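In full-length UniProt numbering, the protein residues as written are 5 to 181.
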Ligand code: GDP
Ligand code: MG
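In structure tokens:
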């Protein structure tokens, strides 16, 4: 913890949204602490985690919010979205329904968040390729139509997790600087 005196230039709030069990908490654990736990419990209590990084010689603190078991439709409160400049819209690529629900989540996000919010569609669990239920092309098409970034990730294998968050953070930085 040598960063006590670190000057923070920017704090960017990012929200994680999507159905329960798609891997939101594990994506956050992987990005913020490089951890993964197989028996991840439903998130209770902890509201966000932070990770500080440098973009273009500026110190950026990413404050990443995770839903605390409020994934039921419309259960996420507006306080959760307030001030968010980025969002990870996560589905499980082995669960078609979690992808079909992206439309709702996007609608809810757009209804609550800033209109310039940077959004990444994330197809998680790419390590379970043989169980794939969502073709990459379907997700790509949706992302293109809705003007979202898109990546397939594995929190388990640490595939594309950092690139997904960094793309969002860098784009936010580009917009505000
Ligand atoms: P959340 O409800 O969206 O926060 O989902 P969790 O992060 O709690 O993960 C739900 C379940 O999926 C847990 O059993 C995780 O271990 C598992 N999981 C999360 N990410 C991955 C992944 O990338 N690959 C695989 N195979 N399992 C994952
Ligand atoms: Mg969770």
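Virtual Cβ for every residue (Gly too), placed ideally from N, Cα, C.
Please read these numbers as outputs of a predicted model, since none were measured by experiment.
Three-state secondary structure assigned by DSSP to residue i
i	result
residue 33	helix
residue 152	coil
residue 169	helix
residue 53	strand
residue 186	Absent from the model: residue 186. The displayed extent of the chain is 5 to 181, so no value can be given.
residue 192	Within the shown structure, residues of the chain are numbered from 5 to 181, placing residue 192 beyond reach of any answer.
For residue j and residue i, the rounded distance between their alpha carbons
i	j	result
residue 56	residue 63	7 Å
residue 107	residue 14	30 Å
residue 161	residue 33	12 Å
residue 26	residue 130	11 Å
Given residue i as reference, the closest of the options once Cα atoms are compared
i	options	result
residue 89	166, 20, 167	20
residue 138	26, 165, 99	99
residue 171	126, 136, 145, 133	126
residue 12	118, 54, 165	54
residue 140	35, 154, 122	154
Contacting residues, own chain, Cβ-Cβ under 8 Å from residue i (five flanking each side not counted)
i	result
residue 173	16, 18, 57, 59, 64, 66, 90
Per DSSP, the bridge partner or partners of residue i
i	result
residue 130	Answer is none; residue 130 lacks a bridge partner.
residue 59	62
Contact set for residue i: own chain, Cβ-Cβ below 7 Å, skip 5 residues either direction
i	result
residue 39	33
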